[in-house]
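Number of protein chains: 2
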Amino acid sequence: MAITVVGSVALDSIQSAAGSVEREIGGSAVHFANAASLCSKVHIVGVVGDDYPFERIRYLKDRGVDFDGVEIIPGGKTFFWKGRYEGDMGSAISEATELNVFQDFAPAVTGAARDSRFLFLANIHPGLQLHVRKNLGDSAFAVLDSMNYWIENAREDLLGVIAAVDAAILNSDEIRSLTGENNLIAAARAVLGMGPSYVIVKKGEHGVLAVSNDWIAVLPAVPLEKIVDPTGAGDSFAGALVGYLDRAGTLDAVTWRKALAWANCVASFNVQDFSVYGIAGITVRDVLRRYDEYREVFQIEGGLDAVSNAAG
Amino acid sequence: MAITVVGSVALDSIQSAAGSVEREIGGSAVHFANAASLCSKVHIVGVVGDDYPFERIRYLKDRGVDFDGVEIIPGGKTFFWKGRYEGDMGSAISEATELNVFQDFAPAVTGAARDSRFLFLANIHPGLQLHVRKNLGDSAFAVLDSMNYWIENAREDLLGVIAAVDAAILNSDEIRSLTGENNLIAAARAVLGMGPSYVIVKKGEHGVLAVSNDWIAVLPAVPLEKIVDPTGAGDSFAGALVGYLDRAGTLDAVTWRKALAWANCVASFNVQDFSVYGIAGITVRDVLRRYDEYREVFQIEGGLDAVSNAAG
């Protein structure tokens with residue numbers, strides 16, 4: 001029982017209506033591990049410079065996150081991103097992107113990280129994603145994330161890796177752009193046709209849609225009136241989802257629905273603080289308490305008795 | 313047990329990717345009654361010309377819809393709208409709007425229509441809506457629909473009638489425009505502050521959000537891969553919602569959630585055919601069958617056992 005994630009380990013400077021942080025820990029692999037480690041053992045494969053503040057991720061190591069696969073480039077600088085959010089915080093406005101050591105990232109999965117039951121290919125060049133997948137073989141259940149940049153600029157590579165994974169996670173805009181389908185269910189079915197057995201569409205404030213050949217799941221987001229920092233929400237969602245699936249050990253429709261609900265709850269903590277701190281301080285019990293509130297908003301006990309009685 | 317609806321009775325020419333219809337029956341009051349009459353007795357208050365094809369709504373009379381409150385103007389022409397849908401069908405492109413006899417609509421609620429338990433003020437000038445509400449007094453539970461045009465051009469009148477109703481139904485764009493709040497829950501709470509006890513936000517393909525002072529409900533739309541004609545979906549949703557509430561006879565949180573789920577199912581039939589025909593031919597049993605499929609996509613039986621067992 002373990003998960004290997006390949007992706008960015010970064011430092012982020014972020015500004016939103018709620019405040020700002022400077023050079024705080026971030027990156028898709030770290031946000032993923034932050035959430036997944038609530039459920040499972042996580043191996044991170046990434047790269048940083050020797051400026052990386054390892055003391056700040058000590059709590060992740062305590063939660064079972066293995067940083068041995070994070071290469072440290074002497075004299076190198078860690079991937080740095082600066083962005084801000086306005087209005088409904090639907091998307092970030094990038095102010096600076098310094099790839100630094102991440103520019104030459106050549107992921108090498110070694111040791112125990114090769115034996116994980118799940119592999120998460122975070123948002124990196126799809127050619128690299130496919131390289132990792134091929135290098136590891138098909139034994140792990142592979143989940144992919146991507147972004148519009150690769151859809152527009154590396155479409156063939158992206159189609160190649162989509163064909164090689166078990167599940168793809170995309171947001172509404174991405175899946176519409178990838179498939180040319182406006183209807184999200186039709187778009188998800190189109191991606192199923194490209195190879196994966198499961199397609200998950202992140203709809204932001206509107207929650208999540210998941211489609212397999214046998215079932216559809218649609219779950220609302222946890223209702224939140226105030227968002228501090230949405231950075232990493234998608235990776236936290238993916239981490240919690242894969243973490244739950246790994247912990248459950250089954251992939252039936254009921255387990256998927258529960259995993260999606262769990263992931264929505266975990267991701268809701270992510271957006272309530274900057275960097276990793278919305279999730280860093282919480283326990284499984286905190287998430288379960290939120291789940292109890294969350295399910296109240298959409299669970300319906302019993303039938304539609306007011307009309308079904310009359311229908312006989 | 314009955315509902316009075318005040319609104320437009322129209323003829324629509326509609327074009328979508330699925331085909332087109334010419335001068336078919338439409339209008340917000342008719343779409344509302346079409347859905348509400350699955351559950352309850354409905355009185356329509358409206359106006360038409362003597363060109364109105366009453367033979368086509370005979371099935372509605374058979375379902376208990378009372379057209380006595382629909383004034384027929386001799387020599388007048390019925391409200392006509394022509395529009396088309398493109399892309400994701402999120403909004404209609406109007407090609408012609410001929411108000412005709414609707415221009416001078418002065419709703420007069422008389423007879424049995426005055427004693428209904430529910431009053432639906434469909435999308436007409438908010439000044440007229442308030443006039444009707446005041447004329448009838450507060451005994452009915454009043455539900456209001458509106459649109460961006462009135463938010464922009466008759467804001468004070470709209471605020472006046474919002475303060476005088478029990479529930480307001482708006483779509484995402486409308487409630488953001490009305491309140492200046494991007495976050496839909498915050499926007500709904502802002503409208504609660506204007507007077508109503510319940511605020512319902514229609515999110516189109518993303519389903520519905522409802523907020524009271526005591527609870528929040530968020531339910532997905534019925535997943536549909538193909539939409540024929542979204543005209544009247546909002547009014548069908550409102551009709552089904554109010555119909556269910558009238559039939560149930562209670563307004564507790566559980567009943568509201570069931571009413572919202574029922575309304576999502578009924579509205580899903582509306583968009584699968586042109587004009588009123590998606591709902592015209594169905595029975596309560598058909599909707600209940602769809603509800604059984606619908607609830608599969610978001611209902612979760614039991615707890616998050618994969619993690620809750622470990623949390624003890």
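Keeping their order, the protein sequence lines are chains A and B. The first sequence stops at residue 312 when you use this note's numbering, and every number in between is there. The second sequence stops at residue 624 when you use this note's numbering, and every number in between is there. Cβ atoms here follow ideal geometry from the backbone N, Cα and C, with glycine treated the same way.
B:Lys570 has a beta carbon lying within less than 8 Å of a beta carbon in chain A. By the Cβ rule, the region 470 to 485 of chain B counts as touching the region 507 to 518 of chain B, because three or more pairs are nearer than 8 Å. Counting the other Cβ atoms within 10 Å of the Cβ of B:Asn412 gives 16 or more, which makes it buried.
Residue nearest to B:Asp547 within the set B:Tyr556, B:Ser332 and B:Ala348 is B:Ala348 (criterion: CA-CA distance). For A:Lys82, the secondary structure class from DSSP, reduced to helix, strand or coil, is strand.
Nearest CB-CB separation between B:Arg429 and chain A: not below the 8 Å threshold. One Cα belongs to A:Thr97, the other to B:Asn460, and the distance between them is close to 40 Å. Listed as beta-bridge partners of A:Val307 by DSSP are no residues whatsoever. The way I'd put it, the region 446 to 457 of chain B doesn't touch the region 370 to 387 of chain B; fewer than three beta-carbon pairs between them come closer than 8 Å. Rounded to the nearest angstrom, the gap between the Cα atoms of A:Gly207 and A:Ala122 is 20 Å.
Residue-level contact by beta carbon holds for A:Ile300 and chain B, with a gap shorter than 8 Å.
In the DSSP assignment, A:Ile44 falls within the beta strand (DSSP E) that extends over Val42 to Gly49. Residue pairing by DSSP places B:Gly338 opposite B:Ala322 in a beta bridge. A:Asn171 has A:Lys202 as its beta-bridge partners, per DSSP. Boundaries of the beta strand (DSSP E) around A:Val218: Ile216 to Leu219.
Among the CB atoms of chain B, none fall inside 8 Å of the CB of A:Ala267. Neighbours of B:Gly399 in chain A, taken as residues whose beta carbon is under 8 Å from its own, are Asn182 in chain order. For a cut-off of 8 Å, the C-beta gap from A:Val6 to A:Pro107 is around 5 Å, short enough to register as a contact. An exposed status is given to B:Ser332, since fewer than 16 other beta-carbon atoms sit within 10 Å of its beta-carbon.
For B:Ile405, the number of other beta carbons within 10 angstroms of its own is below 16, and it is reported as exposed.
Taking 9 Å as the Cβ-Cβ cut-off, the region 191 to 209 of chain A approaches chain B at Lys203, Glu205, His206, Gly207 and Leu209, given in chain order. B:Thr543 sits in coil when the DSSP states are folded into three classes, being neither helix nor strand. In the structure shown, A:Phe237 adopts helical secondary structure according to DSSP, grouped into three states. For the region 591 to 612 of chain B, the beta-carbon criterion of a distance under 7 Å to any beta-carbon of chain A is satisfied by Val596, Arg597, Leu600, Tyr603, Arg607, Val609, Phe610, Gln611 and Ile612.
By the C-beta density criterion, A:Ala140 is buried, having at least 16 other C-beta atoms within 10 angstroms. Look at the beta carbons and you see the region 352 to 365 of chain B touching the region 381 to 401 of chain B: at least three pairs across the two are nearer than 8 Å.
Here B:Ser580 is near B:Leu536, since their CB atoms are less than 8 Å apart. With contacts defined as CB atoms closer than 8 Å, B:Ile528 and A:Val271 fail to qualify as a contacting pair.
Residues of chain A with a Cβ closer than 9 Å to the Cβ of B:Trp574 are, in chain order, Leu304, Ala306 and Val307. B:Arg375 has a beta carbon lying at 8 Å or more from every beta carbon in chain A. At least 8 Å separates the CB of B:Tyr364 from every CB of chain A. Among the residues of chain B, those whose CB is under 7 Å from the CB of A:Val218 are Pro532, Pro535, Val609 and Phe610, following chain order. A distance below 8 Å separates the beta carbons of A:Phe274 and A:Ile14.
Scanning B:Glu336, B:Ala533, B:Asp457 and B:Ala618 for the CA closest to the CA of B:Gly551 turns up B:Asp457. A buried status is given to A:Ala142, since no fewer than 16 other beta-carbon atoms sit within 10 Å of its beta-carbon. Residue ranges of uninterrupted beta strand (DSSP E) with 3 or more members, entirely inside the region 422 to 470 of chain B and ordered along the chain, are 430 to 433 and 453 to 457.
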